Amino acid sequence: MTKIELETGGSVWKLLTKPGDLVEEGDILFILEVMKMEVPYESPVNGKVTAVHISEGDFVEEDQLALEIAD
Amino acid sequence: MNWEKEIDEIARRRELALSQGGEEAIAKHHAKGRLTIRERIDRLIDDNTFEEIGPIAGAANYDENGNLESFDPANFVLGFGEVSGRKIVVGGEDFTMRGGSPSPAGLRKSIYAEEVAIQYKIPLVRLHEGSGGSVGGTSGKGTNLPGPVNAPARFRSVAQAMSTVPVATAALGAVAGLPAGRLVASHFSVMSKKTAQILTAGPAVVARAMGEQKTKEELGGWKVHTKNGTVDNGADDEDACLAEIKRFLSFMPDNVGQLAPVTSCDDPADRADESLTSIVPKDRRKAFDMRYILSSILDRDSFFEMGRSYGRSQITGLGRLNGQPVGVWANDCKFLAGSMTADGAHKARRFMELCETFSLPIVSLVDEPGFMIGSQAEREATIRHGTSAVLTAAMTTIPWASVMIRRSFGVAQAAHYGPEGFVLAWPSAESGPLPVEGGVAVAFQREIAAAADPEKRRRELEEQLAARQSPFPRAEALGVHDLIDPRRTREELCRWVSRVQPLLPALLGAAKFSIRP
């Protein structure tokens, strides 16, 4: 199980995956907006998204768990 | 009658000293995946270069006839050695005796390390694993007499060493109390991810005083201390830590009176990287890879990053331009847009102080949107730490070259330019009192609110103002030394280095301000 935790706070601009999606390493999972910059989060593994804990428009915090992938 | 007996005893004592805490203690230490201090020193320095100081310092026990019965060596090993042919002072606690908690002779040797490095004006490397004092005292036989009032200030030599010679340290096992303080009193520190913890106080003391039940790793493992800046770097194991220390020293002069070593360089000074023309996206919301730009501009494979996991919006390290060691500083727009956070500012200040101390020119690649904002930033006293970085830059005397890569805004941007610095701009450079997005929202608040379509009007105004932040008017006004094709950056910086090199000898000697942890 790979857990994607947020490196900084910000807001969720685009969510590009949902539970059940198959993802490959390097695929963009979601994009945060931080200080007017887009910060894409890429999948570090090949696997299946099992849980998504964020929604578009959410204000999120550093270290928050965003997504889980079964690899 | 000759001195045979005494000569034999010297040999015996030397042999006993090498046995450290004994076979059992050493085996136990190895079983935990850790090297002994003698093995560490051996791996750090060039073959057969160790010249030990006080090899038979320690505590001797005698029988009733005055014959040596046993010998406990000082639990700090100290000496001279060479790293890549350059003389250094190296020392570290011997964990196989008293868990590295200082014995009387061990403490003397440990404190002497700084004094020797200052006296011989050569770099100091300390390899730490051990704890501080014990309530039983250094002798283990009860409380010692306190030092006399006229004793030299205990930490003066530690502070003096930092303004005289390069000091590099590693945490290679649990490091607590005094050794932890000495670990961070350095210009570069690294900890082993596998085996080290850094603890102001260990779990037992914390449990007693605070009621908090935590393991050593939870209290002071690498995940805690590389992120909070206690150490500069984390490395996989002990050998990797020693390799990082060697790398750091390769950029450093022996002391503040000497120039950093210039090496021969086979990377052409006019090497032009085609990809630099498109690396900065035209879409201002899109980030780019500043580390790629750094590695492309500096001599091939010369970039050595320090503090990557801490104050991550700022990238600091050392590198070479045409063989000349330089300090390297840049913003990372992938992390909090590269803004000046409290911890990023602290990291930047220490970096500038390091460069000032050892007369290293600074190369600064600027993409600074300003101080980090928001409630967390306010709680962290960002404006104070940030202004500290800005004023540090203003007081430096070393040569600076700053390249405006993209944004250069607010008070925070001033930290990225040194006095009389050489300034280049890329076509992607934008600058001003604050980025248009924030500035428009404030300055044109009423106009936007009154518009039929406020969102549209806001965007129009942003575009108008963004156009005014073009680097061409700045270049016309001699606001930069030149506006350049990004491909020419390396060549321009190498030319700058050759211009400032003749100025460096006049800067040698004690810096007006030095570095503090």
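In the order they appear, the protein sequences are chains A and B.
In terms of the working numbering, the first sequence is residues 1 to 71.
In terms of the working numbering, the second sequence is residues 1001 to 1517.
Glycine included, C-beta positions come from ideal geometry on N, C-alpha and C.
All figures in this text were calculated on a predicted structure; none of them were measured in a lab.
Sequence-distant residues of the same chain with beta carbon closer than 8 Å to A:P19, five excluded per side: V49, T50, A51, V52
Limits of the beta strand (DSSP E) - the one that B:Q1501 falls within: First-last for B:Q1501: undefined, no H or E at that position.
Listed by chain order, chain B residues near A:V34 by CB distance under 8 Å: L1336, A1337
is_contact[A:E7, chain B] using C-beta, thresh 8 Å: yes
For B:H1128, the residue or residues it bridges with in DSSP: B:A1171
Same chain, Cβ closer than 8 Å to B:E1217, five either side skipped, listed in chain order: Q1197
Local Cβ density within 10 Å of B:K1512, reported as buried at 16 or more and exposed below that: exposed
Residue-chain proximity (B:E1437, chain A), Cβ-Cβ < 8 Å: yes
Chain B contact residues for A:E38, given Cβ-Cβ distances below 9 Å: D1283, R1285, K1286, A1287
Beta-carbon proximity check, A:K14 vs A:L65, cutoff 8 Å: no
Distance CB(B:L1124)-CB(B:V1089) smaller than 8 Å: yes
Top-ranked residue by Cα proximity to B:D1270, from B:N1002, B:P1369, B:E1492: B:E1492
Contacts of B:P1369 in chain A (Cβ-Cβ under 9 Å): M35, K36, M37
Collapsed DSSP secondary structure at B:P1486 in the structure displayed: helix
Beta-carbon proximity of B:K1109 to B:A1171, cut-off 8 Å: no
Span of the beta strand (DSSP E), counted from its first residue to its last, around A:M37: 37-42
Spatial neighbours of B:E1114 in its chain, beta-carbon cut-off 6 Å, leaving aside the 5 residues before and after: S1157, V1158, A1161
Under 8 Å by beta carbon: chain A residues contacting B:C1333: M37
Residue(s) in a DSSP beta bridge with B:D1072: B:A1059
Top-ranked residue by Cα proximity to A:M37, from B:G1147, B:S1408, B:L1321, B:A1287: B:A1287
B:A1414 versus B:E1082, B:D1232, B:A1345, B:V1440, residue with shortest Cα-Cα distance: B:A1345
Selected residue, minimal CA-CA separation from B:W1426, among B:P1179, B:R1488, B:A1441: B:R1488
Bridge partner(s) assigned by DSSP for B:R1407: B:E1430
CA nearest to the CA of B:P1435, picked from B:E1460, B:V1423, B:Q1469: B:Q1469
Which listed residue (B:I1007, B:M1097, B:R1247, B:E1009) has its alpha carbon closest to that of B:R1086: B:R1247
Limits of the alpha helix (DSSP H) - the one that B:R1350 falls within: 1342-1357
Whether B:T1226 touches B:G1220 by CB criterion (8 Å): no
Cβ pair count under 8 Å reaching 3, the stretch 1355-1367 of chain B against the stretch 1388-1407 of chain B: yes
Stretch pair the stretch 1330-1349 of chain B + the stretch 1287-1304 of chain B: three plus CB contacts closer than 8 Å: yes
Assumed close pair B:N1061, B:P1102 - CB separation to whole angstroms, cut-off 8 Å: Wrong, their Cβ atoms sit about 19 Å apart, outside the cutoff.
Range of the contiguous alpha helix (DSSP H) that encloses B:R1156: 1156-1162
Euclidean distance between Cα positions of B:T1195 and B:S1250: 25 Å
Which of helix, strand or coil DSSP assigns to B:F1303: coil
Inter-residue Cα distance where the pair is B:L1294 and B:W1222: 26 Å
Residues sharing a beta bridge with A:F30, DSSP: A:L15, A:Y41
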